[in-house]
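These notes concern the structure reproduced below.
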Amino acid sequence: AQSVTQPDIHITVSEGASLELRCNYSYGATPYLFWYVQSPGQGLQLLLKYFSGDTLVQGIKGFEAEFKRSQSSFNLRKPSVHWSDAAEYFCAVGAQGTNAGKSTFGDGTTLTVKP
Amino acid sequence: NAGVTQTPKFRILKIGQSMTLQCTQDMNHNYMYWYRQDPGMGLKLIYYSVGAGITDKGEVPNGYNVSRSTTEDFPLRLELAAPSQTSVYFCAATRGQGYNEQYFGPGTRLTVT
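Spelled out as structure tokens, the structure:
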């Protein structure tokens, strides 16, 4: 069965600083990987996804993530954080085959941005 | 294009009451899902559907029921509400296949007292 671990429950960074949110997954084959962002009181919105090809993927709002098969990781990065990036971030893994399009979500990382 | 809409946004139920959470999507996606999100936790799948007339249980289905009579609508029914069902509920839709992202509604915050 697939699983996702986000080791950091809460991260605080200063505005303008760089950011890296960690995500580790467990899945037997090449996974489909996603990062979603959830602003307070909102549903989840896709930031970026990986399913094949270039292991460095670009997303919206200046985010990027790198798929590292050897480390079973898909860490999210941003070179310079803005106050509006404060939110909860979820990593998710989707499976190939007849899984009805289901994804397994991590427990999330809450990002606080200091002025 | 509204995407996925959910009603109501907020609801307070007394123990033992029942209610239906509504979910509608206008993207013509076959696959739909209901999740619950408890504080500090990720999303837990309650039920899902791969098309009209087809539903299946997720990892936390107890206390809930669903139906899918049309592609657009996927209501979630709570029978005999319990405090353990206090949560935020999200509906989502996707084209299917594991590489397609899910599109989420804004959520329903439910409190059972």
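Note that the protein sequences, when read in sequence, are chains A and B.
The opening residue of the first sequence carries number 1 in our numbering; numbering runs sequentially from there.
The opening residue of the second sequence carries number 1001 in our numbering; numbering runs sequentially from there.
Virtual Cβ for every residue (Gly too), placed ideally from N, Cα, C.
Check: Asparagine 1100/B, buried or exposed, once every other Cβ within 10 Å from all chains shown has been counted against 16; Outcome: buried
Check: Three-state class that DSSP yields for serine 52/A in the structure shown; Outcome: coil
Check: Helix, strand or coil at glycine 1051/B [DSSP, three-state]; Outcome: strand
Check: Any chain B beta carbon closer than 9 Å to glycine 106/A; Outcome: yes
Check: Under 7 Å from the C-beta of leucine 46/A: neighbouring residues of chain B; Outcome: Glu1101
Check: Contacts of glutamine 1097/B in chain A (Cβ-Cβ under 7 Å); Outcome: Gly101
Check: Nearest-angstrom Cα separation, counted from glycine 28/A out to glycine 1098/B; Outcome: 14 Å
Check: Min CB distance valine 4/A to chain B below 9 Å; Outcome: yes
Check: is_contact[lysine 49/A, chain B] using C-beta, thresh 9 Å; Outcome: yes
Check: Within-9 Å CB hit, valine 1050/B to chain A; Outcome: yes
Check: Secondary structure of serine 1084/B, DSSP reduced to three states; Outcome: helix
Check: Cβ neighbour criterion (16 or more within 10 Å) applied to lysine 102/A; Outcome: buried
Check: Endpoints, beta strand (DSSP E) assigned at methionine 1019/B; Outcome: 1019–1025
Check: Cβ-Cβ distance between tyrosine 1047/B and tyrosine 1033/B below 9 Å; Outcome: yes
Check: Segment contact flag, the stretch 1013–1020 of chain B with the stretch 25–41 of chain A, C-beta cutoff 8 Å, min 3 pairs; Outcome: no
Check: Minimum Cβ-Cβ distance from leucine 1080/B to chain A less than 9 Å; Outcome: no
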